[in-house]
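K.L.:
Got a structure here, written out as structure tokens. Questions coming.
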Amino acid sequence: MLTTFGSFVLFLRGMVTRTERLSVLWNRTIDEAILIGVDSIVIVSIVSAFIGAVTCVQIAYNLTNPLIPQSTIGYMVREMTILELAPTITSIVLAGKVGSSIAGGLGTMRITEQISALEVMGINSTSYLVLPRILAALLMFPMLVILAMLLSILGGYLAGTLTGVMTAQDYIEGIRTDFIPYNIVFALIKAVVFAFLVSGISAFKGYFTTGGALEVGAASTGAVTNSIIAILIADFALAALLL
Amino acid sequence: MIEVSNIEKSFNGTQVLKGISCVFETGKCNLLLGGSGTGKSVLLQCIVGLMKPDMGSITFDGTVYTNSKIDIRQEIRRKIGMLFQGSALFDSMTVAQNVEFPLQMLTPEMSVEERRERVEFCLKRVGLENAGKKMPAEISGGMKKRVGIARAIAPQCTYLFCDEPNSGLDPLTSIKIDELIHEITHEYGITTVIVTHDMNSVIEIGEHIIFLHQGKKLWDGTKDEILNAEVPELKDFIFSSSLVRAAKRIDEETEGGMAAFAEGSESGGGI
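Protein chains in written order, with UniProt numbering: chain A, 1 to 243; chain B, 1 to 271.
Printed below as a string of structure tokens:
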């Protein structure tokens, strides 16, 4: 495990020591940002809206005490969404979608000698292939998390009002109660850390794929599982350190 | 000229290259010949820098490549063109973009117009002037090899390496690819190194042949000398080819088959 971590650090160092021209890096990052970010909007929107809706309905189901105001449901949806569900669940979804895509893409390039072709041309393949992916993830994950926050809260609102468990006025009152702006900052810090973990681990797994198609599949699976474990560990560590 | 001196390489305690020394001559098609698992591709990968040899040195026109500074290695790498066994085309790019890619990356001083002209020239040179807009998945194996050659020569390489350029191709396409490599080598005066186990290639373009067996260099010479080589492993290898066996049989029957073989090889037309 220590050897793997050492290889990962060297892999990251190789990526930033001999970078390609800034214009190349910019164009590649924008291309990857479209693949990572824009192409993930639909899945992130669906997941986050339903998570907000389910959270609202389930909190309402559990809050039976008449002394607790209905607006607490809105308050709890907001807190859970901003602090945990939006950054963590979105990142886990993206680990599945983006992580497997990065690992599969790089793994295929490795076994079809496309990475060797870059190296023979004198191009730093990690800088050309991996750095833009990591930068794009660092850029897009926070944006997707912000979108997930908004849609989760909206999903909660729609679920709460359409099912009749609470009034729109109570929900809005709840989501405006005791708002702490730092929680947004905390969620965005989590998004950036998760982005680095998902893109870095997936790129590492894909880049060092050896063998054939079977190993590319194994690299993709490994990338997703390792990324999710890393997200959960980092989630706990960040909560313990920053809250 | 590329000089390889005393190269050794092991994997998990198994020695794959056992002190290989040889010279690849400028302006010639140098063939690395040998059976499967003899270390040809490993030697090629050591030469182009995809693998680091355990021992020995590699020199490109007097500049030491192994263990030299990254700037020197980069400078040499930029003079290298390589045709991979599976072509290694970037599957997200069109044929024209594949050929343009090394120009974009290595020669930023070239204008878009100059790059486009160069791409057109290279594609025309390999006979693919109408395939520029196609994706690699839409073209045949032989066309992929041609695109690979066009991509390799686009930045005006000094050294061309080909890893089994005929693998997976029918005999006629193989001959055409061999001829193309031969023509390009002489046209631009580049040093070409070809890894092969195909005797047809030896007959077609083998101007300087290096025979490897079990990680060692056993013989080197020209295609005219190869038939008279007194190396049992090389004889076994040559006469394992049905083409050469047929020529030998004719020779025995008519006392002229092997002469026809040699004549065919000299004319470049083969048997």
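All C-beta atoms, glycine included, are put in the ideal place defined by N, C-alpha and C.
Which word fits residue 117(B), buried or exposed, when buried means at least 16 other C-beta atoms lie within 10 angstroms of its C-beta?
P.N.:
In the second sequence, the residue the question calls residue 117(B) occupies position 117. The residue is exposed, with fewer than 16 neighbouring Cβ atoms inside 10 Å.
K.L.:
So, for residue 153(A): in the same chain, excluding its five sequence neighbours on each side, which residues have a beta-carbon less than 8 Å away from its beta-carbon?
P.N.:
Numbered from its first residue, the first sequence carries residue 153(A) at position 153. Cβ within range, chain order: 52, 77, 78, 81 and 175.
K.L.:
Heavy atom of the ligand PLP less than 7 Å from the Cβ of residue 95(A), yes or no?
P.N.:
With respect to small molecules bound, the structure shown includes none, and the ligand PLP cannot be examined in it.
K.L.:
Quick check on the burial criterion: 16 or more other C-beta atoms within 10 angstroms. Buried or exposed for residue 265(B)?
P.N.:
As a working mapping, residue 265(B) is identified with position 265 in the second sequence. Since pLDDT at residue 265(B) reaches only 47, below the 50 mark, its modelled position is unreliable, and no value is offered.
K.L.:
Can you check DSSP and say which residues form a bridge with residue 82(B)?
P.N.:
Along the second sequence, one-based indexing puts residue 82(B) at 82. Paired residues: 161(B).
K.L.:
Please identify, using Cβ separations under 7 Å, the residues of the segment 104-122 of chain A that lie next to chain B, in order along the chain.
P.N.:
Against chain B - using a Cβ distance shorter than 7 Å - the residues of the segment 104-122 of chain A are 112, 113, 114, 116, 117, 119, 120, 121 and 122.
K.L.:
Relative to the C-alpha of residue 309(B), which residue among 114(B), 171(B), 140(B) and 6(B) is closest?
P.N.:
No answer is possible for residue 309(B): the residues shown for chain B start at 1 and end at 271.
K.L.:
Let me know the secondary structure DSSP gives residue 267(B) once reduced to three states.
P.N.:
Residue numbering aside, residue 267(B) sits at position 267 when the second sequence is read from its first letter. Only weak support exists for where residue 267(B) lies, its pLDDT of 42 falling under 50; the coordinates are left without a value.
K.L.:
Anything in chain B within Cβ reach of residue 28(A), meaning under 8 Å, just list it in chain order.
P.N.:
For the purposes of this step, residue 28(A) is taken as residue 28 along the first sequence, with counting starting at 1. Within chain B, no residue comes near residue 28(A); the closest Cβ sits about 11 Å away, beyond 8 Å.
K.L.:
With distance defined between alpha-carbon atoms, name the residue in 22(A), 63(A), 31(A) and 73(A) nearest to residue 155(A).
P.N.:
The count along the first sequence starts at 1 and reaches residue 155(A) at position 155. Of 22(A), 63(A), 31(A) and 73(A), the residue nearest in Cα terms is 73(A).
K.L.:
Alpha carbons only, please: which of 254(B), 197(B), 174(B) and 93(B) is nearest the one belonging to residue 151(B)?
P.N.:
Within the second sequence, residue 151(B) is the residue found at index 151, counting from 1. Of the candidates 254(B), 197(B), 174(B) and 93(B), the one whose C-alpha sits nearest the C-alpha of residue 151(B) is 93(B).
K.L.:
Starting from residue 119(A) and walking both ways along the alpha helix (DSSP H), at which residues does that stretch end?
P.N.:
Taking the first residue of the first sequence as 1, we reach residue 119(A) at position 119. Unbroken alpha helix (DSSP H) run through residue 119(A): 114-120.
K.L.:
Closest to residue 155(B) by CA distance: which of 80(B), 202(B) and 209(B) is it?
P.N.:
In the second sequence, residue 155(B) corresponds to position 155, counting from 1. Residue 80(B) is the option with its Cα nearest to residue 155(B).
K.L.:
Is the CB of residue 133(A) under 8 Å away from at least one CB in chain B?
P.N.:
Taking the first sequence and counting its residues from 1, one reaches residue 133(A) at position 133. Not one chain B Cβ lies under 8 Å of residue 133(A).
K.L.:
Could you name the residues of the same chain whose beta carbon sits closer than 6 Å to that of residue 142(B), not counting the 5 residues immediately before and after it, in chain order?
P.N.:
Residue 142(B) sits at position 142 when you count from the first residue of the second sequence. Only 169 and 173 meet the Cβ criterion.
K.L.:
Taking only beta-carbon atoms, is residue 13(A) less than 8 Å away from chain B?
P.N.:
Here the question's residue 13(A) lines up with position 13 in the first sequence. Chain B, which has no Cβ nearer than 8 Å to the Cβ of residue 13(A), makes this no.
K.L.:
Could you name the residues of the same chain whose beta carbon sits closer than 8 Å to that of residue 192(A), not counting the 5 residues immediately before and after it, in chain order?
P.N.:
Position 192 of the first sequence holds residue 192(A). Counting only Cβ-Cβ distances below 8 Å, and skipping sequence neighbours, we find 138, 141 and 142.
K.L.:
Are the C-beta atoms of residue 42(B) and some chain A residue less than 8 Å apart?
P.N.:
The count along the second sequence starts at 1 and reaches residue 42(B) at position 42. False, the Cβ-Cβ gap to chain A never drops below 8 Å.
K.L.:
Give the list of continuous alpha helix (DSSP H) stretches no shorter than 4 residues that lie fully inside the segment 39-63 of chain A.
P.N.:
If we require 4 residues or more, the alpha helix (DSSP H) runs fully inside the segment 39-63 of chain A come out as 41-62.
K.L.:
Start and end of the beta strand (DSSP E) containing residue 8(B)?
P.N.:
For the purposes of this step, residue 8(B) is taken as residue 8 along the second sequence, with counting starting at 1. Per DSSP, residue 8(B) belongs to the beta strand (DSSP E) from 2-11.
K.L.:
So who's on the other strand from residue 91(B), going by DSSP bridges?
P.N.:
Position 91 of the second sequence, counted from the start, is the residue given in the question as residue 91(B). Beta-bridge pairing links residue 91(B) to no other residue.
K.L.:
Which residue comes first and which comes last in the beta strand (DSSP E) that contains residue 55(B)?
P.N.:
As a first step, residue 55(B) must be located in the second sequence, where it is residue number 55. 55-60 is the extent of the beta strand (DSSP E) around residue 55(B).
K.L.:
Distance check for residue 224(B) and residue 175(B), CA to CA, integer angstroms please.
P.N.:
As a working mapping, residue 175(B) is identified with position 175 in the second sequence. As a working mapping, residue 224(B) is identified with position 224 in the second sequence. So the alpha carbons of these two residues sit roughly 19 Å apart.
K.L.:
Using a C-beta cutoff of 8 Å, does residue 270(B) count as contacting chain A?
P.N.:
To locate residue 270(B), count along the second sequence from 1; it is residue 270. Residue confidence for residue 270(B) is low, a pLDDT of 37 falling below 50, so the modelled location carries little weight; the figure read from the coordinates is stated next. False, the Cβ-Cβ gap to chain A never drops below 8 Å.
K.L.:
Ignoring anything shorter than 4 residues or poking outside the segment 167-211 of chain B, list the alpha helix (DSSP H) runs there in chain order.
P.N.:
Whole alpha helix (DSSP H) segments, 4+ residues: 171-188 and 199-205.
K.L.:
Which residues, taken in chain order from the segment 84-98 of chain B, show a beta carbon closer than 7 Å to some beta carbon of chain A?
P.N.:
Hits within the stretch, in order: 84, 86, 88 and 90.
K.L.:
Quick one: what's residue 220(B) bridged to in DSSP?
P.N.:
Start at 1 with the first residue of the second sequence, and residue 220(B) comes out as number 220. Paired residues: 210(B).
K.L.:
Quick one: using the 10 Å Cβ neighbour count with 16 as the cut-off for buried, is residue 40(A) buried or exposed?
P.N.:
Indexing the first sequence from 1 puts residue 40(A) at position 40. Residue 40(A) should be labelled buried.
K.L.:
Look up residue 124(A) in the DSSP assignment and say whether it is helix, strand or coil.
P.N.:
Indexing the first sequence from 1 puts residue 124(A) at position 124. Here residue 124(A) sits in coil by DSSP.
K.L.:
Assess contact between the segment 175-189 of chain B and the segment 197-204 of chain B, defined as three or more Cβ pairs (one per stretch) separated by less than 8 Å. Is contact present?
P.N.:
Enough Cβ pairs lie closer than 8 Å, so yes.
K.L.:
Establish whether the CB of residue 108(B) and some CB of chain A are separated by less than 8 Å.
P.N.:
As a first step, residue 108(B) is located in the second sequence; it is residue number 108 there, counting from the start. Closer than 8 Å to some Cβ of chain A, the Cβ of residue 108(B) qualifies, so yes.
K.L.:
Determine, for residue 165(B), whether the minimum Cβ-Cβ distance to residues of chain A falls below 8 Å.
P.N.:
As a first step, residue 165(B) must be located in the second sequence, where it is residue number 165. So no, residue 165(B) is outside the interface.
K.L.:
At a CB-CB cut-off below 7 Å, which residues of chain A make contact with residue 78(B)?
P.N.:
Taking the second sequence and counting its residues from 1, the one referred to as residue 78(B) is at position 78. Correct list: 122.
K.L.:
Taking the Cβ atom as the reference point for each residue, do residue 48(A) and residue 151(A) lie within a distance shorter than 8 Å?
P.N.:
As a position in the first sequence, residue 48(A) is number 48, starting the count at 1. As a position in the first sequence, residue 151(A) is number 151, starting the count at 1. Result yes, Cβ atoms of residue 48(A) and residue 151(A) sit closer than 8 Å.
K.L.:
Can you look up residue 65(A) in the DSSP assignment and give me helix, strand or coil?
P.N.:
Taking the first residue of the first sequence as position 1, residue 65(A) is located at position 65. Residue 65(A) falls in the coil class under three-state DSSP.
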